[in-house]
Amino acid sequence: MSTQYSILFKQEHGESTHTHTHTHLVICSDLEAKNLVSCLSRQHIWAQPKNLCVSTAHEDAIWTAAWGRSEKDGSETIVTGSLDDLVKVWKWSDEKLELQWTLEGHQLGVVSVDISQNGAIAASSSLDAHIRLWDLETGKQIKSMDAGPVDAWTVAFSPDSKYIATGSHLGKVNIFGVESGKKEHSLDTRGKFILSIAYSPDGKYLASGAIDGIINIFDIATGKLLHTLEGHAMPIRSLTFSPDSQLLVTASDDGYIKIYDVQHANLAGTLSGHGSWVLNVAFSPDDTHFVSSSSDKSVKVWDTSSRSCVNTFFDHQDQVWSVKYNPTGSKIVSAGDDRAIHIYDCPM
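Here it is in structure tokens:
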């Protein structure tokens, strides 16, 4: 049996205060959350990742967050959307988060946001059935698009940032032109209310997840439905393609994360670990990890190759609706019903 090391860290500084050897895997914290005890193999020892928290970032639950980087100047921006009807734009610089813009316009809760590939535009969708585009440099609204007749749920930019997709209660994926502001295409899943949408990074596919647990994958060029995937028993809250577009990871109210081989439409893995609904999943830019969040108040980091959980954060006080990596993969942002934003150093 290989020797393992237990290290007691002061959580404030990530410093080692005590070391001894034993052969059990344990991760725990004291009741005052001042110390963290971890036992990891020799190859996987890391200090407790730093955690920056904005405790009251919105006046109501935060259901969505996105992290982007400007091609113009390299600056990084986090955009959040809340049930307080607001979109907020935060500047991330020098390990600090600063509120840059508070964007008003939605009449009901904001449930999804995304940032264009060049980091210049944010899109938000709302229970008011509208999609709004925002200039991240000026904080001004660019366009408002009617995605009705009922609320617009997930919104996603295409990889070339020319289109925005959103789901409908009628089982259709509606695709709007960023320049035109009009609906230009519609993909019919012949299913039920679509909760989640994702484009593949190579621009070839669009995947949708429905309230009945069904996943559909479309060919973007032809609009043809390529695959219908089953496996979840409850709503698909989130789905994400790997950066190489080979894998699709899904999150569901059934408490499971599933991994699909996109080309062959095969189920490649089923992961459990969360104690309740899995609300969001997102890949790291380098393909090596993905992150998940849950109504069990936790954020988990998973190794893509081993399909194992390598770290869990328990900092939120309520369910965690959104989790994303930054463009370099060095940070993770999470947001939830407790109105808090947390930013973590990625465990290495």
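Using the numbering used here, the first residue of the sequence shown is number 676, and each one after it goes up by one.
We treat Cβ as the ideally placed atom computed from N, Cα and C, and that holds for glycine.
For residue 736, the closest alpha carbon among the candidates 862, 857, 763 and 743 is that of 763.
Just measuring C-alpha positions, the residue of 911, 870, 899 and 901 sitting nearest residue 888 is 911. Counting only residues of its own chain and dropping the five nearest sequence neighbours on each side, residue 936 has a CB closer than 6 angstroms to the CB of 943.
Distance from the Cα of residue 970 is smallest, within the candidate group 976, 925, 979 and 993, for 993. Scanning its chain for C-beta atoms nearer than 6 angstroms, with the 5 sequence neighbours on each side dropped, one finds around residue 867 the residues 846, 885, 886 and 887, in chain order. Judged by beta-carbon spacing, residue 945 lies beyond the 8 angstroms limit of residue 962, meaning their Cβ atoms are not closer than that value.
Nearest in C-alpha terms to residue 842, of all of 790, 882 and 988, is 882. Apart from sequence neighbours up to five positions away, the residues of its chain that approach residue 901 with a beta-carbon distance below 8 angstroms are 880, 892, 893, 894 and 940, ordered along the chain. Per the Cβ contact rule, the stretch 768 to 782 is not in contact with the stretch 833 to 841 (fewer than 3 Cβ pairs under 8 angstroms). DSSP places residue 894 inside the beta strand (DSSP E), whose first and last residues are 890 to 894. Taking each of 995, 972 and 965 in turn and checking the Cα distance to residue 981, the smallest one comes out for 965. Sixteen is the threshold: when 16 or more other Cβ atoms of the shown chains lie within 10 Å of the Cβ of residue 789, as they do, the residue is buried.
The alpha-carbon of residue 873 is positioned some 10 angstroms away from that of residue 925. Its chain contains 783, 784, 786 and 826 as the residues whose beta carbon lies nearer than 7 angstroms to that of residue 802, once the 5 sequence neighbours on both sides are disregarded; these appear in chain order. Put simply, of 951, 952, 913 and 875 the residue whose alpha carbon is nearest the alpha carbon of residue 922 is 875.
If you check the CB distance, residue 947 and residue 974 do not come in under 8 angstroms.
When only Cα atoms are considered, residue 1007 and residue 972 end up about 15 angstroms apart. As the crow flies, the alpha-carbon of residue 905 is around 19 angstroms from that of residue 917. Annotation for residue 902: the continuous beta strand (DSSP E) segment containing it runs 900 to 904. With 16 or more other Cβ atoms inside 10 Å of its own Cβ, residue 1014 counts as buried. Within the stretch 817 to 866, the runs of beta strand (DSSP E) that reach at least 3 residues and sit entirely inside it are, in chain order, 830 to 832, 838 to 842, 847 to 852 and 858 to 863. For residue 788, the enclosing beta strand (DSSP E) begins and ends at 785 to 790.
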